[in-house]
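Each residue of the sequence shown is one higher than the one before, counting from 7 in the numbering used here.
Just so you know, even glycine gets a beta-carbon here, dropped at the ideal spot from N, CA and C.
Data block below; observations after.
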Amino acid sequence: MAIRALFPTLILHESLVRPGWLGFNQSLADECGSLALSDAAGRRWSQRHYLGGYTSYGSLDRLHLLSSLFDRLRRRIDPYVKRFAGSLHYDLRGRVLAMTDCWANVMPAGVVHSMHLHPTSFISGTYYAAVPKGAGALKFEDPRLSHQMAAPPRRADAPDRFRSFVGVPAKPGDVVLFESWLRHEVPPARFSGERISISFNYAWTPKAGIRETRR
């Protein structure tokens, strides 16, 4: 019986922990906490869209351009994004990948980030600065789910690649990358402390002086 796997959905899950990482990560977590206290516009936006938590998405969404600390994080993530794009077999000749958006998220227990995707982007991801024990995992949705007409439920022992939803638990220092069209959420959870993450988007542009060829 010849069975082929077509149209895979890939994610990259990698640890950025290296010598000297602990102080760098603590500085990131501290800066996210400071933003949650000082960013009045972000707090107002979060009260409407991120109930109980804080995100700078609606106020300061290009932190890599505003803070040298977040730009250092961007430089650490860049090689992984390039590697991930290569694993997806995209043709990047004459094209440049660059971070376009970067924002902070602070989620106490019970806060929900409902199912969504990242339009106008190419690759998206999250870096985890603080993950208390029991904090919610990043949960991905099978992109075919809405087209599965009259399908019976999956067996309880089905591997991840056949499930409708897959949670990806992370540790401090981890980065998770995915294509921006892949819907995801952070479900509510009970834990002590705050889950602190930094989300970002990447886009591609033609290299300077190179004109796209129409076919």
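DSSP places K145 within a strand segment (E or B) once states are collapsed to three.
Pairing Y63 with F128 gives a Cβ-Cβ distance that is not under 8 Å. For M113, the beta-bridge partners assigned by DSSP are R201. In this structure, S130 places its C-beta atom within 8 Å of the C-beta atom of H124. When C-alpha distances from G142 are compared across A115, R160, G26 and A157, the shortest belongs to A115. With 16 or more other Cβ atoms inside 10 Å of its own Cβ, S203 counts as buried. Counting along the chain, the unbroken alpha helix (DSSP H) around V87 starts and ends at S74 to S93.
Across the structure, A214 and G92 are spaced so that their CA atoms are roughly 21 Å apart.
Rounded to the nearest angstrom, the gap between the Cα atoms of A135 and S44 is 19 Å.
Around D107, the same chain offers D67, R68, F206 and N207 as residues with beta carbons nearer than 7 Å, after the five sequence neighbours per side are excluded. In the DSSP assignment, A156 falls outside any alpha helix (DSSP H) and carries neither an H nor an E. The C-beta of P178 has 16 or more other C-beta atoms within 10 Å across all chains shown, which makes the residue buried.
The beta carbon of L183 lies closer than 7 Å to those of I17, L18, Y86, V87, F90, I129 and G131 in the same chain, with the five residues before and after it left out. Relative to the Cα of S186, the nearest Cα in the group L94, P158 and M113 belongs to L94. In this structure V118 does not touch P175 by the C-beta definition: roughly 17 Å separates them, more than the 8 Å allowed. Separation of A110 and C38 (C-alpha to C-alpha, rounded to the nearest whole angstrom) is 6 Å. Where L188 is concerned, there is no enclosing alpha helix (DSSP H), because DSSP gives it neither an H nor an E.
R160 and R167 do not touch by the CB rule: their CB atoms are close to 11 Å apart, not below 8 Å.
P25 is not bridged by DSSP to any residue. Under DSSP, the beta-bridge partners assigned to R68 are C108. Within the same chain, V112 and P114 come within 6 Å of E200 by CB-CB distance, once the 5 residues on both sides are set aside.
W210 is bridged by DSSP to L103. Within the same chain, and ignoring the five residues on either side of T211 in sequence, the residues whose Cβ sits closer than 8 Å to its Cβ are R101, V102 and A104.
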